[in-house]
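Chemist:
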Amino acid sequence: MSGGVDSAVAAARIAEMGHDVTGVHLALSSNPRSYRTGARGCCTIEDSRDARRAADVIGIPFYVWDMAERFHHDVVEDFVSEYAAGRTPNPCLRCNEKIKFEAVLDRALALGFDAVATGHHARLSPDGVLRRSVDAGKDQSYVLGVLTREQLSHAMFPLGDSTKAEVREEAARRGLTVADKPDSHDICFIADGNTRAFLADRLGAAPGPIVDESGEVLGEHEGAYGFTVGQRHGLGLTRPAPDGRPRYVLSIEPVSNTVTVGPREALRVTSITAARPVWNGPGEPPAEPFACTVQLRAHGEVYGCRAQLSGDTLHIALDTPATGVAAGQAAVLYDDDVVLASATITASS
Amino acid sequence: MVYLDHAATTPMSPEALDAMTAELGRVGNASSLHAAGRRARRRVEESRETIAAALGARPSEVIFTSGGTEANNLVVKGLYWARRAADPRRTRVLVSAVEHHATLDPAQWLAESQGARVDLIPADEHGRVHPEALREAIGDDPGSVALVSMMWANNEVGTVQPVKALREVAAEHGIPFHTDAVQAVGQLPVTFEQSAMTISGHKVGGPMGVGVLLLARGVDPAPVLHGGGQERDVRSGTLDTPAIVGMAVAVDQAVARQEEQAKVLTELRDELIARVRAEVPDVILNGDPVDRLPGNAHFSFPGCEGDALLMLLDAKGIECSTGSACSAGVAQPSHVLLAMGADAVRARGSLRFTLGHTSTRQDVEALGNVIAGAVERARRAGVS
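What follows is the structure, encoded as structure tokens:
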């Protein structure tokens, strides 16, 4: 229970279904003040108070579990080292994978609980298959796609059949004070929302060249980790491109500390390679290439594709080119609204 | 529900509840000059006399506060300010390493913002502070000590301190000696022979939100709260007549019944310890094995997190405490156990069970029936 409206309603619903429910708020920082405050946050003292009040109203026991060390190690440090390696991580996905459905789930199971329920907007069919929420705009199946079947078999997502508007309405009806609390956005552990400054604090200044596709140096950057493939703004280039068109980050090379930029067309990719695939869809993973759709970032576009699993690699051939495909993000495969598999993007061309 | 957390708060005695409830229905500010005010004042003064008599103090030595925390803040900060004002060399504050946060934190605040130097007097593995350690800390520079504060009995592990001997060490040098007796009253024979003593209402069967600082004649801390000049100008604020009346009844009863109560609780507590040891053979009893509060049993459960155990017991209707300080609900390893030489893992794997005037053999039985299962479960969850 983060202290937000979703987890409060999720808890209320499963309690009403007759489950023996205990509310748990995760303390993710040993110094709560260093994280976001107020409406934008997800891990402040105010949030833990909101979660406690929601548990009171629902009538369930409530505890705070200290996951600060695990969170720091598995999410924050991972976030920093991924950027340092020239990749673009998704910390929410990592938190689901390593904290909510590993550290918390393991502890809960050991203590005698059967499942972890969260306020994510996604559906889970009785056979343990993950599906998109009925609220397409709020769907969070992408950040849950990384969960294994084993993890999903101990998960409950009571909100998947409702829209966010319905959840807020229900919260108000139930007398939950968080009914009109604003949604949390961005990354909870970056207090001011400035990812580049957060990374610079931890990785230090590391100036290097910004080059075009031919290798010509166009400018200098303060650290390659401050860039994401597909990024257009904040390049700090004074010289316009010869054709006057905007330039985008095409690639980040951490060893030579080089950021390569170029025209939008050069961002287009049709072939994607991804590692550590997790097949959590129905049945066994097909041995042959198969047709499906793929989502390449949170709230991103969905592309038709042919995918093939071979060993520890997932190959994806897109039907139409995609732009801004960043290594480190997840590629989540869908069959209509059913999640089939996910893997971490390593390369694209 | 099996309530084994009397050190956190204990139910109000029916007599205290009656007295307080009756008073809540009456009007009158004890500082008003008219008849209603005089009536309230009379009730306050009668209560003051009752509490003084129960603890061997003079009525004029009783200062009503909002509770133990305020009383400790008043004496630690106020005596530091007053004594330093009288002699600027007096900047040292001597407190034991196992004090309650209501003493430690004001002392720490004095160090951080008021130029004080805090010397933490160490405790042994049972949480006991030795008079020699205090003597050593005072050293050859007694003129620099503003005050000494040592609790009568520890709220977490229950160890009873050699208060008399500690007080005598301070007295040798004419240094004011304060003791936090919040946990001691009603469980141990308590007599006011110090410079200052803290008592809390709700720990002895009275209401929450009221406490007393006993201040000997000639011990005059600078006030923390300024205002109407109530309570010898040391503690301003309208006197809470109903709470004071309730507290007086409770203190009177607790002291009158102390000897009998101690006998009953000691027997029950020893039964609890024996039962827990039988169910969980590798359990460690923390605190002094003999010289401890009659109602206190404090254990470390190897391989468990106290938080997890507490939750499992709570689910079985058994209410106890990890005995450690919380911020945003996250338990920090107890400073008391760390001061006793325990490592962080042992400190985090501990639980406090405390008995009081409503405790029964059935409570102990109920704990004995579920503790082994809970420990087994908590061990499966492990220590993070």
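Top to bottom, those sequences are chains A and B. When we follow the working numbering, the leftmost residue of the first sequence carries the number 1, and every step to the right adds one. When we follow the working numbering, the leftmost residue of the second sequence carries the number 350, and every step to the right adds one. Even glycine gets a Cβ: it sits at the ideal position worked out from N, Cα and C. If you're wondering where the values come from, they're calculated on a predicted model, not measured in any experiment.
1) Tell me residue 79(A)'s beta-bridge partners as DSSP assigns them.
2) Under the DSSP definition of a beta bridge, which residues are partnered with residue 142(A)?
3) Pull up the CB-CB distance for residue 603(B) and residue 534(B), whole angstroms please, since I reckon it's below 8 Å.
4) State the DSSP-derived secondary structure class of residue 95(A), mapped to helix, strand or coil.
5) Using a Cβ cut-off of 8 Å, which residues of the region 640-671 of chain B contact any Cβ in chain A, in chain order?
6) Going by other Cβ atoms of all chains shown within 10 Å of its Cβ, with 16 needed for buried, is residue 718(B) buried or exposed?
7) Given residue 207(A), which residues of its chain have a CB within under 7 Å of its CB, disregarding the five upstream and five downstream residues?
8) Identify, in the order they occur along the chain, each residue of the same chain with its Cβ nearer than 7 Å to the Cβ of residue 254(A), setting aside the five sequence neighbours on each side.
9) Quick one: is residue 299(A) buried, meaning 16 or more other Cβ sit within 10 Å of its Cβ, or exposed?
10) Starting from the N-terminal side, write out each stretch of the beta strand (DSSP E) that is 3 residues or longer and does not extend beyond the region 167-245 of chain A.
11) DSSP beta-bridge partners for residue 699(B)?
12) Checking 8 Å against the spacing of the C-beta atoms, do residue 330(A) and residue 90(A) come in under that value?
13) For residue 393(A), which of helix, strand or coil comes out of DSSP?
14) From residue 625(B) to residue 198(A), what distance separates their C-alpha atoms?
15) Strictly below 7 Å CB to CB, what residues from chain B border residue 105(A)?
16) Which residues in the same chain as residue 739(B) place their Cβ atom closer than 7 Å to its Cβ, once the five residues preceding and following it in sequence are excluded?
17) List the whole-angstrom C-beta distance separating residue 685(B) from residue 505(B), where the pair is believed to meet the contact cut-off of C-beta under 8 Å.
18) Measuring only between beta-carbons, confirm whether residue 117(A) sits less than 8 Å from chain B.
19) Look at the Cβ atom of residue 690(B), then the Cβ atom of residue 651(B), and state whether they are nearer than 8 Å.
20) Using only the alpha-carbon positions, how far apart do residue 186(A) and residue 193(A) sit?
21) Output yes or no for whether 8 Å exceeds the beta carbon distance between residue 318(A) and residue 292(A).
22) Taking only runs that begin and end inside the region 435-507 of chain B, name each unbroken beta strand (DSSP E) of 3 or more residues, in chain order.
23) Please list the terminal residues of the continuous alpha helix (DSSP H) segment that includes residue 312(A).
24) Can you confirm whether residue 701(B), when its beta carbon is compared against all beta carbons of chain A, has any partner nearer than 8 Å?
25) What number of angstroms, rounded off, separates the C-alpha of residue 677(B) from the C-alpha of residue 151(A)?
26) If we ignore side chains and look at the alpha-carbon of each, how far apart do residue 521(B) and residue 483(B) end up?
27) Determine the chain B residues that contact residue 61(A) at a beta-carbon separation under 9 Å, and present them in chain order.
28) Any C-beta of chain A sitting closer than 8 Å to the C-beta of residue 729(B)?
29) By DSSP, does residue 123(A) sit in helix, in strand, or in coil?
30) By the criterion of Cβ-Cβ separation under 9 Å, what are the contact partners of residue 726(B) in chain A?
31) Between the beta-carbon of residue 424(B) and the beta-carbon of residue 570(B), is there less than 8 Å?
32) What's the call for residue 384(B), buried or exposed, on a 16-neighbour Cβ count within 10 Å?
33) Rounded C-beta distance between residue 530(B) and residue 362(B)? I'm assuming under 8 Å.
34) Are residue 316(A) and residue 328(A) closer than 8 Å when you measure CB to CB?
35) Residue 172(A) and residue 179(A) look like a contact to me (Cβ under 8 Å); what is the Cβ gap, rounded to whole Å?
Modeler: A quick look at the data gives this:
1) Note: residue 79(A) sits in no beta bridge, so no partner.
2) Partner(s): none; residue 142(A) has no beta bridge.
3) 6 Å
4) helix
5) 656, 657, 660, 661, 663, 664
6) By the 10 Å Cβ count, residue 718(B) comes out exposed.
7) 220, 221, 222
8) Hits under 7 Å: 84, 85, 86, 224.
9) Burial call: exposed.
10) 208-211, 217-221
11) 649(B)
12) yes
13) Only positions 1 to 349 of chain A appear in the structure, and residue 393(A) is not among them; the question remains open.
14) Approximately 50 Å, taken between the alpha carbons.
15) In chain order: nothing, as chain B lies at least about 11 Å away.
16) Since the first residue of chain B shown is 350 and the last is 733, residue 739(B) is not available in this structure.
17) 5 Å
18) no
19) no
20) 7 Å
21) Taking 8 Å as the Cβ cut-off, residue 318(A) and residue 292(A) do not qualify as a contacting pair.
22) 441-445, 466-470, 494-498
23) Going by DSSP, residue 312(A) is part of no alpha helix (DSSP H) at all; its letter is neither H nor E.
24) no
25) Legend: pLDDT at residue 677(B) = 44, less than 50; position of this residue unreliable, value from coordinates given subsequently. Each residue's alpha carbon lies about 29 Å from the other.
26) 12 Å
27) Near residue 61(A) (Cβ distances below 9 Å), the residues of chain B are 660, 663, 664.
28) yes
29) Note: residue 123(A) maps to strand in three-state DSSP.
30) 110, 111, 112
31) yes
32) exposed
33) 19 Å between Cβ atoms; not a contact.
34) no
35) Cβ-Cβ separation between residue 172(A) and residue 179(A): approximately 4 Å, consistent with a contact (criterion under 8 Å).
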